[in-house]
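The structure under discussion appears below in the form of structure tokens.
In this note's numbering, the protein residues as written are 1479 to 1706.
What follows is the structure, encoded as structure tokens:
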């Protein structure tokens, strides 16, 4: 960024979010905003408490305010709220699959009641030390508090965070994926039973069947239908 301002560089491929507005308003630069193929998200470890309980996972899902993260932390230019491993740039993207319900403390509390945790519960969310990801952790912490869910934030160096994700040494952690052109590489190993990147430990025979079918057909329309 500094080299762009000094004139040493003519093009950069990422802009610090705090500097974006100033660059845009200066009129001195041409700025292009395009969606990438990657995603960021929270992994919940389904192989151990508390997230071996489906209702507790669903309660967290109903409480995280994606729009608040995009607006307050990513300043409306660093990402878009989503519910899919495929961005709109991918041919596998489905608007229907990318929908998610509005945040609801009331519905989250009902799920906690079903799970036998009416007063809430606590868990640790691991993030890397970057300021943006720390802020995201704080927004999530604030989002979950009204339902009685206590989020303890723990910072780890990125390498340690990757090791913990691989070894299942976490309750929840925040990680991302840079994305790939073929949709199989954005979903298969993250979701299939014992997949290389399936840090959450998720396992669903129906999903396994659909994913394996999707990677063994060359019919793009059929693949999109299976991913949907």
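Idealized CB from N, CA, C, for every residue including glycine. The structure presented is a predicted model; accordingly, all values stated were derived computationally and were not measured.
Quick check on DSSP: helix, strand or coil for residue i?
i	result
residue 1704	helix
residue 1490	coil
residue 1521	strand
residue 1595	coil
Taking the alpha carbon of residue i as the point to measure from, which residue in the options has its own alpha carbon closest?
i	options	result
residue 1713	1662, 1667, 1678 and 1544	Examination of residue 1713 is not possible in this model, given that the chain is present from 1479 through 1706 alone.
residue 1668	1495, 1522 and 1497	1522
residue 1598	1497, 1510 and 1528	1528
residue 1666	1686, 1589, 1513 and 1647	1686
residue 1538	1508, 1550 and 1578	1578
residue 1490	1688, 1545, 1479 and 1654	1479
residue 1589	1502, 1627 and 1508	1627
residue 1653	1517, 1484 and 1483	1517
residue 1558	1610, 1483, 1545 and 1499	1545
residue 1655	1610, 1564 and 1638	1564
residue 1688	1677, 1700, 1679 and 1678	1700
residue 1568	1532, 1692 and 1660	1660
Terminal residues of the continuous beta strand (DSSP E) containing residue i?
i	result
residue 1484	From DSSP, residue 1484 is part of no beta strand (DSSP E) but of the alpha helix (DSSP H) over 1480-1484.
residue 1648	Taken as a continuous stretch (DSSP letters only), residue 1648 belongs to no beta strand (DSSP E), as it is neither H nor E.
Counting along the chain, where does the alpha helix (DSSP H) carrying residue i start and finish?
i	result
residue 1499	1495-1504
residue 1662	1662-1669
residue 1684	1683-1692
Assuming residue i and residue j are in contact, meaning their beta carbons sit under 8 angstroms apart, how far apart are those beta carbons, in whole angstroms?
i	j	result
residue 1604	residue 1634	5 angstroms
Keeping to the same chain, check which residues put their C-beta closer than 8 angstroms to that of residue i; ignore five residues upstream and five downstream.
i	result
residue 1505	none
Within the same chain, show all residues whose beta-carbon is closer than 6 angstroms to that of residue i, passing over the 5 residues directly before and after it, in chain order.
i	result
residue 1540	1582, 1585 and 1586
Can you list, in chain order, the residues of its chain with a C-beta nearer than 7 angstroms to that of residue i? Leave out the 5 residues immediately preceding and following it.
i	result
residue 1629	1601, 1603, 1618, 1619 and 1622
residue 1675	1667 and 1668
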